[in-house]
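Participant: 53 is the number that the numbering used here gives to position 53 of the sequence shown; each next residue is one higher, with no gaps.
No residue lacks a Cβ here, since even glycine has one placed at the ideal position from N, Cα and C.
As the structure is a computational prediction, the values presented were derived from the model and not from experiment.
A single structure is presented below for examination.
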Amino acid sequence: MEETLSAPGKGRSRRTVILVAAVVVAMVAAGLGTWFALSRSAEPARADVIRLDKQRVIVDNSMNLYDPLVQQFSGRYSNAISEKAGQPEEEKVLNQDRERIVRESQVNRDRLQQMAESPALQDQEVAESFKRFKDQYGAVIAYNDQLVVNTTNIYRSVGGPCAALHSSLNVASETYAQEYVKSADECLAALGTAKDGADAETTTLLSDVEAVIRGQRDKQQEVLDSKDTFERLSKSTIAGLALLDINDAFAKAQTTYETATKDKYTKIIESANSSNSEFEGVLKKSLEQFDAASGEGK
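Set out below in structure tokens:
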């Protein structure tokens with residue numbers, strides 16, 4: 001009886017072992033298959049290089065969008081300031097036009113990040129070339145973002161409170177000195193605020209304008225501080241003569257600024273173009289190597 005009962009039990013035990021073993025083998029096989037598939041998909045392929053090159057072209061072309069966007073922003077914001085459209089309208093233009101540039105910059109940063117995840121970058125030469133491309137095009141993006149800040153700060157100060165000093169005030173008025181000092185103080189405060197977030201070149205421009213305005217303001221303050229009519233007339237004449245040179249001083253500051261910013265922008269663009277040409281050449285070389293390995297180049 002015991003032998004009769006034990007036989008089926010042993011059979012079931014063997015079947016269980018076989019079943020478990022089969023499941024384990026299947027699981028291992030599935031795991032190896034998945035690993036093999038993943039390991040193969042991670043290897044750089046010709047299609048990865050082609051895709052990366054297409055992304056390079058898209059990023060390069062997108063740089064051309066910045067100029068019209070910045071020009072549109074600059075023109076519309078300048079008009080809002082000069083026409084004294086009021087704070088709500090100025091902020092509306094600022095937010096709408098600036099937002100377009102901000103969005104474009106974020107899109108380009110996302111594109112560069114997507115490129116950084118390409119399997120083609122497992123090739124060391126491709127990876128090193130892409131890093132230079134990414135750094136240089138990132139510099140172009142950062143430059144345009146900073147340009148929006150610089151333009152905003154300049155228009156808000158030089159084109160705002162400071163503009164009234166030599167456009168709205170009546171030189172022949174008996175209260176000219178008093179009005180000038182009051183307006184100059186507002187201008188100087190705006191120039192000080194405008195330096196926040198500005199780059200080195202823009203800060204230099206604002207400081208140069210600040211020096212000119214402060215010098216004129218101090219001369220007009222001397223007129224106000226005069227003790228008698230003769231001294232007041234003398235100080236007023238000196239201050240008036242100094243005003244004759246103010247346009248030359250502003251022109252010099254503007255020329256210095258334009259020269260510095262042009263040189264800076266030129267270097268950034270030249271570096272970006274150089275990195276793009278190099279990256280394009282490296283990708284082309286990589287494709288040729290794939291073709292040679294597959295025999296397509298024969």
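If I'm right that residue 212 touches residue 246 with Cβ under 8 Å, what's the distance once you round it to whole angstroms?
Facilitator: So it is a contact: roughly 6 Å between Cβ atoms.
Participant: So what's residue 43 in DSSP terms, helix, strand or just coil?
Facilitator: coil
Participant: If the criterion is Cβ atoms closer than 8 Å, does the pair residue 58 and residue 160 meet it?
Facilitator: no
Participant: Determine the extent of the alpha helix (DSSP H) in which residue 161 is found, giving its start and end residues.
Facilitator: Segment: none, residue 161 is in no alpha helix (DSSP H) and carries neither H nor E.
Participant: Please state if the CB of residue 136 and the CB of residue 271 are separated by a distance shorter than 8 Å.
Facilitator: yes
Participant: Do three or more CB pairs link the stretch 120-139 to the stretch 167-180 at distances below 8 Å?
Facilitator: no
Participant: Can you tell me whether residue 233 is buried or exposed? The criterion is at least 16 other CB atoms within 10 Å of its CB, across all chains shown.
Facilitator: exposed
Participant: So, is the C-beta of residue 104 closer than 8 Å to a C-beta in chain B?
Facilitator: Although the question refers to chain B, the structure presented lacks it and comprises just one protein chain.
Participant: Find out if the Cβ-Cβ distance for the pair residue 105, residue 144 is shorter than 8 Å.
Facilitator: yes
Participant: Buried or exposed: where does residue 217 fall if 16 or more other Cβ atoms within 10 Å of its Cβ makes it buried?
Facilitator: buried
Participant: Is it the case that the Cβ atoms of residue 279 and residue 49 are separated by a distance below 8 Å?
Facilitator: Taking 8 Å as the Cβ cut-off, residue 279 and residue 49 do not qualify as a contacting pair.
Participant: Count the C-beta pairs between the stretch 194-204 and the stretch 166-173 that are closer than 8 Å, then say yes if the count reaches three, no if not.
Facilitator: No, the stretch 194-204 is not in contact with the stretch 166-173.
Participant: Quick test of your reading: residue 165 and residue 142, contact by CB under 8 Å. State the CB separation rounded to the nearest angstrom.
Facilitator: At roughly 34 Å, the Cβ-Cβ gap does not stay under 8 Å, so residue 165 and residue 142 are not in contact.
Participant: Considering only heavy atoms of the ligand SAH, does any lie closer than 7 Å to the CB of residue 51?
Facilitator: The ligand SAH is absent from the structure shown, which contains no ligand whatsoever.
Participant: Is it buried or exposed, residue 220, if we count other Cβ atoms within 10 angstroms and call 16 or more buried?
Facilitator: buried
Participant: For a quick check, are the C-beta atoms of residue 148 and residue 101 less than 8 Å apart?
Facilitator: yes
Participant: Taking the alpha carbon of residue 113 as the reference point, which residue from 133, 125, 123 and 96 has its own alpha carbon closest?
Facilitator: 133
Participant: Return yes when the Cβ of residue 157 is within less than 8 Å of the Cβ of residue 206, no when it is not.
Facilitator: yes
Participant: Got a sec, what are the start and stop residues for the alpha helix (DSSP H) residue 113 sits in?
Facilitator: 87-116
Participant: In this structure, does DSSP put residue 171 in helix, strand or coil?
Facilitator: coil
Participant: Looking at residue 108: is its Cβ nearer than 8 Å to the Cβ of residue 74?
Facilitator: no
Participant: Give the DSSP-derived three-state secondary structure of residue 18 in the structure shown.
Facilitator: Summary for residue 18: the model assigns pLDDT 48, below 50, so the residue's position carries little reliability, and this model does not support an answer.
Participant: Name the two residues that bound the continuous alpha helix (DSSP H) containing residue 260.
Facilitator: 246-294
Participant: How long is the line joining the alpha carbons of residue 288 and residue 70, rounded to whole angstroms?
Facilitator: Cα-Cα distance, rounded: 40 Å.
Participant: Going straight from the alpha carbon of residue 244 to that of residue 197, what length do you get?
Facilitator: 33 Å
Participant: Less than 8 Å between the CB atoms is what I'm expecting for residue 118 and residue 52, so what's the real figure, rounded?
Facilitator: 5 Å
Participant: On a Cα-Cα basis, can you pick out the residue from 254, 138 and 209 that is closest to residue 190?
Facilitator: 209
Participant: Starting from residue 122 and walking both ways along the alpha helix (DSSP H), at which residues does that stretch end?
Facilitator: That residue, residue 122, is in no alpha helix (DSSP H); it is neither H nor E in DSSP.
Participant: On the CB-based measure, 16 or more other CB atoms within 10 Å of its CB, does residue 175 come out buried or exposed?
Facilitator: exposed
Participant: What are the start and end residues of the alpha helix (DSSP H) that includes residue 186?
Facilitator: 176-194
Participant: What residues in its chain sit with their C-beta under 8 Å from that of residue 138, if we drop five residues either side in the sequence?
Facilitator: 109 and 112
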